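With my numbering applied, the sequence shown covers 1 to 260. For each residue, glycine too, the CB sits at the ideal point set by N, CA and C. In this text the structure is predicted, and so the values were computed from the model without any measurement.
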Amino acid sequence: MGVEERFQGANVIDAGRLSPYWGEHAARYHFALPRVGGKVVLDIAVGTGYGLGILRSAAKQIVGVDVDPVAVETAKGECGANASVMLADGLLLPFEDNSFDTITSFETLEHLHERKQFLSELRRVLKENGELILSTPNANYTMPVNGKPSNPFHIFEYKPEDLCSELAAQFTIAEFVGQSLDDNIQIPPFYDAQRRLPKDLSVQAKLFGWKVMNKLPFAIRESVSDIIWKKPFYPTESDYTFSADTVENAPVLVAVCRKQ
1 MGVEERFQGA
11 NVIDAGRLSP
21 YWGEHAARYH
31 FALPRVGGKV
41 VLDIAVGTGY
51 GLGILRSAAK
61 QIVGVDVDPV
71 AVETAKGECG
81 ANASVMLADG
91 LLLPFEDNSF
101 DTITSFETLE
111 HLHERKQFLS
121 ELRRVLKENG
131 ELILSTPNAN
141 YTMPVNGKPS
151 NPFHIFEYKP
161 EDLCSELAAQ
171 FTIAEFVGQS
181 LDDNIQIPPF
191 YDAQRRLPKD
201 LSVQAKLFGW
211 KVMNKLPFAI
221 RESVSDIIWK
231 KPFYPTESDY
241 TFSADTVENA
251 PVLVAVCRKQ
């Protein structure tokens with residue numbers, strides 16, 4: 001499988017804030033934001049560059065890499081004076097050893113066959129005591145059948161204990177949390193989460209109403225949502241939480257690792 005196929009599916013934010021995925025993905029960059037102040041940062045699988053626009057507000061310098069040339073060209077629009085993007089494979093990075101203070105790698109590991117090699121390459125370019133902030137789907141939530149993920153773009157999905165073991169072989173794990181939608185959001189925007197909702201009449205009625213609103217033109221839908229809930233229809237980055245208490249069953253696992 002070529003590098004383009006390995007990373008296919010990672011750049012799903014083309015619709016920006018019009019996408020239900022925006023808030024979930026952007027939340028991870030906001031989670032990383034307090035850790036990158038004054039740092040030299042590498043963002044792996046930068047995609048269309050939405051993360052650059054978040055992290056460059058605090059980072060000293062940030063470099064984004066991706067294997068998709070179209071994504072790289074799009075991401076250039078998010079570059080300011082302290083940000084740049086380039087075409088590069090995460091398995092063979094064009095950087096010297098010990099180049100970066102912080103590396104962000106969100107929703108990339110699950111697309112790879114060569115996961116150990118990938119982590120080793122990240123360790124190589126990370127400075128001593130530098131941090132890797134990584135996320136990947138939680139197999140306890142996605143429930144692969146006989147080890148095969150339901151997402152056709154995913155090669156492998158980790159249970160929490162397996163991810164810890166994989167990371168601990170090359171890094172010291174400083175923080176390990178689950179990313180979840182806030183409990184105040186009664187109807188999640190994703191089909192997989194919606195099918196897990198209770199079957200009682202009250203919840204299903206709310207789900208039906210959500211589906212009706214979701215079919216409305218964007219401007220009308222957002223106006224109605226603002227009137228009823230005083231917020232956008234789809235969850236935003238502030239609607240997601242990160243907690244060690246939710247690791248076992250959260251949809252996404254997030255690890256902060258150090259090179260020591």
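Here Tyr191 is exposed. Its C-beta has fewer than 16 other C-beta atoms within 10 Å. Linking Pro232 to Ala255 through their CA atoms gives a straight-line distance of about 29 Å. Within the segment 79-104, complete beta strand (DSSP E) segments of at least 3 residues are found at 83-87, given in chain order. Each residue's CA atom was taken as its position, placing Lys60 and Ile228 some 41 Å apart. Sorting Arg196, Arg56 and Leu119 by C-alpha distance to the C-alpha of Tyr141 places Arg196 at the top. Val41 and Glu131 have their C-alpha atoms roughly 10 Å apart. For Leu126, the pairing in a beta bridge is given by DSSP as Phe100. Distances from the alpha-carbon of Asp182 to those of Gln260, Ser243, Cys79 and Leu119 put Ser243 closest. Listed in chain order, the alpha helix (DSSP H) runs fully inside the segment 152-237 are 160-168, 191-194, 201-214 and 218-229, counting runs of at least 4 residues. A distance below 6 Å between beta-carbons, with the five flanking residues on each side excluded, links Gly38 to the following residues of its chain, in chain order: Lys60.
Counting along the chain, the unbroken alpha helix (DSSP H) around Tyr50 starts and ends at Tyr50 to Leu55. Closest by C-alpha distance to Glu114, out of Lys148, Phe156, Pro251 and Ala71, is Phe156. Fewer than three beta-carbon pairs drawn from the segment 78-88 and the segment 99-112 are found closer than 8 Å, and the two stretches are therefore not classed as touching.
Cβ contact annotation for Leu207 (same chain, cutoff 8 Å, sequence separation greater than five): Ile187, Gln194 and Leu197, in chain order. Relative to the Cα of Leu33, the nearest Cα in the group Leu18, Ile54 and Tyr240 belongs to Ile54. Closest in alpha carbon position to Leu92, among Cys79, Arg123 and Thr74, is Arg123. Inclusion of Leu253 and Ser165 in the CB contact set at 8 Å is not warranted, their separation being larger than that value. Ala58 is positioned such that its CB atom lies closer than 8 Å to that of Val36. Bounds of the beta strand (DSSP E) holding Tyr240 are Tyr240 to Ser243.
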